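Student:
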Amino acid sequence: MLEARNVSKYFGAVTALRDVDLQLWPGEVLGVVGDNGAGKSTLMKVLSGLYPPSKGSLHFDGNEVQFHSPRDARDLGIEMVYQDLALAGNMNIAENIYLGREPKRKVLGGLISLFDHKKGLQMAKDHLDNLKIQVKSVEQKVEELSGGQRQAVAIARSIAFQARVVIMDEPTAALAIKEVGKVLDMIVGLKDRGISVVIISHRMDDIFYVCDRVMALYHGANFSESHLKDTSRSEVIGWIMGTKENVRELAHDRVK
């Protein structure tokens, strides 16, 4: 579905990514792990069109593509959910979901297009109902929502326009324990719809709950990867720390 081949990214004298490869298959959830500064977020911003690669190539559906902006990636169905969610707190849920891509109605004989508020509200309600996201009203302001509800709205926005790939940067980092499970179940629901998902996360529980495969970056380069069934939490934590040697079983691996 989506592939990066030998992708490097330079910021002046700083090398953020060095010859990174990534493959994402249809309907797969891929976890990307690594310590702070490993290049995870930079790679996701390259895949979503925010940064052009300094070297290497991107491929979508087997065809090489070049993104000049996130709009180019969105046009192909690649959506990014940033860690700060990028929601407008003073606007309601429906307005956030369709921000920049609002349903329009024609006035003055088609000379002017205006935001069709009624249609937008109904579309948002139907979309959230379809995703089983519960809110008081789609007219509720985002600033009034809990962290989990805001994350749900951000995810709902990402797939409102036939998304085929959704990239998420630390989707549960700032959530309460009860809300984490709801967001992870939403991610499983995306997979069930055939949407491919890439998740950056430091939480091993999240990785081992929703992902099919995990890859680790270390100092801006590929370090290791595996299907989840063929690895363990302690091994993946070792990759994050830069070792492929047998890591001693950690205490939380023994908790029943």
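Following numbering that gives the first Met the number 0, the numbering of the sequence shown begins with 0 at its first residue and continues without gaps.
For glycine and all other residues, C-beta sits at the position ideal for the given N, C-alpha and C.
Given the structure is predicted, the values throughout are model-derived calculations rather than measurements.
Does the contact criterion of 3 or more C-beta pairs under 8 Å hold for the stretch 50-58 versus the stretch 96-103?
Tutor: The stretch 50-58 is not in contact with the stretch 96-103.
Student: Note the first and the last residue of the continuous alpha helix (DSSP H) segment covering Arg256.
Tutor: Here the chain comprises residues numbered 0 to 255, so residue 256 is not present and cannot be evaluated.
Student: Could you give the DSSP three-state label for Met214: helix, strand or coil?
Tutor: Correct three-state label for Met214: strand.
Student: Which same chain residues, not among the five before or five after Met203, have their C-beta less than 6 Å away from its C-beta?
Tutor: The answer, listed in chain order, is Arg232.
Student: If the criterion is Cβ atoms closer than 9 Å, does the pair Ala175 and Ser145 meet it?
Tutor: Yes, the Cβ-Cβ distance between Ala175 and Ser145 is below 9 Å.
Student: My guess is that Pro170 and Ile198 are in contact by the Cβ rule of under 8 Å, so how many angstroms apart are they, rounded?
Tutor: Contact flag correct, Cβ pair sits at about 7 Å.
Student: Relative to the alpha-carbon of Met240, which residue among Lys228, Ser223 and Leu227 has its alpha-carbon at the smallest distance?
Tutor: Ranking Lys228, Ser223 and Leu227 by Cα distance to Met240 puts Ser223 first.
Student: Restricting to Cα atoms, I'd like to know which of Val6, Leu29, Gly237 and Pro25 is closest to Asp18.
Tutor: It is Val6.
Student: Per DSSP, what kind of secondary structure is Tyr208 in: helix, strand or coil?
Tutor: Correct three-state label for Tyr208: helix.
Student: Can you name the start and end residues of the beta strand (DSSP E) that Ser112 belongs to?
Tutor: From DSSP, the beta strand (DSSP E) with Ser112 extends over Ile111 to Phe114.
Student: Indicate whether Ala173 and Ile96 have their beta-carbon atoms separated by less than 9 Å.
Tutor: It is not a contact, given that the beta carbons lie outside the stated cut-off.
Student: Is it the case that the Cβ atoms of Ser47 and Met79 are separated by a distance below 9 Å?
Tutor: Contact flag set, yes.
Student: Taking Ala15 as the reference, give the member of Ile236, Tyr217, His226 and Glu234 with the closest Cα.
Tutor: Here the closest residue by C-alpha is Tyr217.
Student: For the alpha helix (DSSP H) holding Leu46, just list the boundary residues, first then last.
Tutor: Element bounds for Leu46: Lys39 to Leu46.
Student: As a quick exercise: from Ala220, Lys177, Asn129 and Val106, pick the residue whose alpha carbon is nearest that of Leu189.
Tutor: The option with the nearest alpha carbon to Leu189 is Asn129.
Student: Are there 16 or more other CB atoms within 10 angstroms of the CB of Ala250, so buried, or fewer, so exposed?
Tutor: Residue placement at Ala250 is flagged as unreliable, the pLDDT there being 45, under the threshold of 50; a coordinate-derived value is accordingly withheld.
Student: Using only the alpha-carbon positions, how far apart do Ala3 and Thr242 sit?
Tutor: Cα to Cα, Ala3 sits roughly 24 Å from Thr242.
Student: Along the chain, where does the alpha helix (DSSP H) that runs through Glu178 open and close?
Tutor: Its alpha helix (DSSP H) spans residues Ile176 to Asp191.
Student: Cα separation between Ala162 and Ala72?
Tutor: The straight-line gap from Cα to Cα measures roughly 10 Å.
Student: Restricting to Cα atoms, I'd like to know which of Gln148, Tyr9, Glu142 and Glu63 is closest to Leu127.
Tutor: Checking every option, the nearest Cα to that of Leu127 belongs to Gln148.
Student: Return the CA-CA distance between Arg134 and Ala12, expressed in angstroms with no decimal places.
Tutor: Going by the sequence as given, residue 134 is Val instead of Arg. If you take the alpha carbons of Val134 and Ala12, they lie about 47 Å apart.
Student: Please report the straight-line C-alpha distance between Lys117 and Glu138, rounded to a whole angstrom.
Tutor: Approximately 11 Å between the Cα atoms of the pair.
Student: For Ser136, count neighbouring Cβ atoms within 10 angstroms of its own Cβ and tell me buried if that reaches 16, exposed if not.
Tutor: The residue in question, Ser136, is exposed, as its Cβ has fewer than 16 Cβ neighbours within 10 Å.
Student: Just mark Trp24 as buried or exposed, buried being the case when its beta carbon has 16 or more other beta carbons within 10 Å.
Tutor: Flag for Trp24 reads exposed.
Student: Assuming Ala85 and Val141 make a contact with CB atoms under 8 Å, what is their CB distance in whole Å?
Tutor: Ala85 to Val141, Cβ: 11 Å. No contact.
Student: Verify whether the separation of the beta carbon atoms of Val306 and Lys39 is less than 9 Å.
Tutor: In this structure the chain extends from 0 to 255, so residue 306 is not present and cannot be described.
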